[in-house]
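J.: Here it is: the structure, laid out below.
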Amino acid sequence: MAEAQSGNKIQMHYTGSLEDGTVFDSSEGRDPLEFELGSGQIIPGLDAAVTGMSVGDEKTVTIPADEAYGAHHPERVQAVPRDQFPDHIPAEVGTQLQVQTPDGQAMPVVIADVTDEAITIDANHPLAGKDLTFAVSVVDIS
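Sequential numbering of the sequence shown, starting at 661, is according to our numbering.
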């Protein structure tokens, strides 16, 4: 039976969860995730975990934050004075926005905190700084 190696197209079902068991993503009820192994299309730790698996193999792996979405960087969290925050944007914790960086790039952020004085935005990936557990099942290798 063929083992998954760099360059193979992989189809797999997966469920991703946090340390407390909260599921953050799953292919349940959908087509399997399809990606090219070793191409950087999925997080590095999961890419490494799938390498060597065969069709029908199942495993559960925990991926440390540094092999997933990286560390949480406090410098990517910024308080914006309320009077500098546009009135037409809902100031609610969890709201996802795109801001423009000084060099003109679009950057996704989420509102992390709201006070009378400021609105705090966070440009870290929502899963940054978290170890992730994946239950995976390889469906096809080509």
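For glycine and all other residues, C-beta sits at the position ideal for the given N, C-alpha and C.
Distance check for Thr711 and Thr722, CA to CA, integer angstroms please.
T.: Near 15 Å, if we compare the C-alpha coordinates of Thr711 and Thr722.
J.: Roughly how far, in whole angstroms, is the beta-carbon of Val740 from the beta-carbon of Ile801, given that I think they are within contact range, below 8 Å?
T.: 47 Å between Cβ atoms; not a contact.
J.: State yes or no: is the C-beta of Tyr674 within less than 9 Å of the C-beta of Ala788?
T.: No, Cβ-Cβ distance for Tyr674 and Ala788 is not below 9 Å.
J.: By the three-class DSSP mapping on this structure, what secondary structure does Leu706 have?
T.: In this structure, Leu706 counts as helix in the three-state DSSP scheme.
J.: Would you list the residues sitting across from Lys669 in a DSSP beta bridge?
T.: Lys669 is bridged to Glu696.
J.: Contact between the segment 758-770 and the segment 694-709: three or more CB pairs below 8 Å?
T.: At 8 Å Cβ cutoff, the stretches do not touch.
J.: So Ala772 packs on Arg736, CB below 8 Å; how close in whole Å?
T.: With 8 Å as the limit, Ala772 and Arg736 do not qualify as a contact, their Cβ atoms being about 10 Å apart.
J.: Answer with buried or exposed for Leu678, where buried requires no fewer than 16 other C-beta atoms within 10 angstroms of its C-beta.
T.: So Leu678 counts as exposed.
J.: Would you mind working out which of Ile779, Lys790, Thr682 and Ala725 sits nearest Asp747, comparing C-alpha positions?
T.: Minimum Cα distance to Asp747 is reached at Ile779.
J.: Tell me the DSSP bridge mates of Ser714?
T.: In the DSSP output, where bridge partners are listed per residue, Ser714 has Glu663.
J.: To which residues does DSSP link Lys719 through a beta bridge?
T.: Bridge partners of Lys719: Val796.
J.: Within the continuous beta strand (DSSP E) that includes Ala739, where are the two ends?
T.: Element bounds for Ala739: Val737 to Pro741.
J.: Does DSSP put Gln806 in a helix, in a strand, or in coil?
T.: Any answer about residue 806 is impossible in this case: the structure gives the chain only from 661 up to 802.
J.: Can you grab the Cα-Cα spacing for the pair Ser699 / Val774, in whole Å?
T.: Taking the straight line from one Cα to the other gives about 39 Å.
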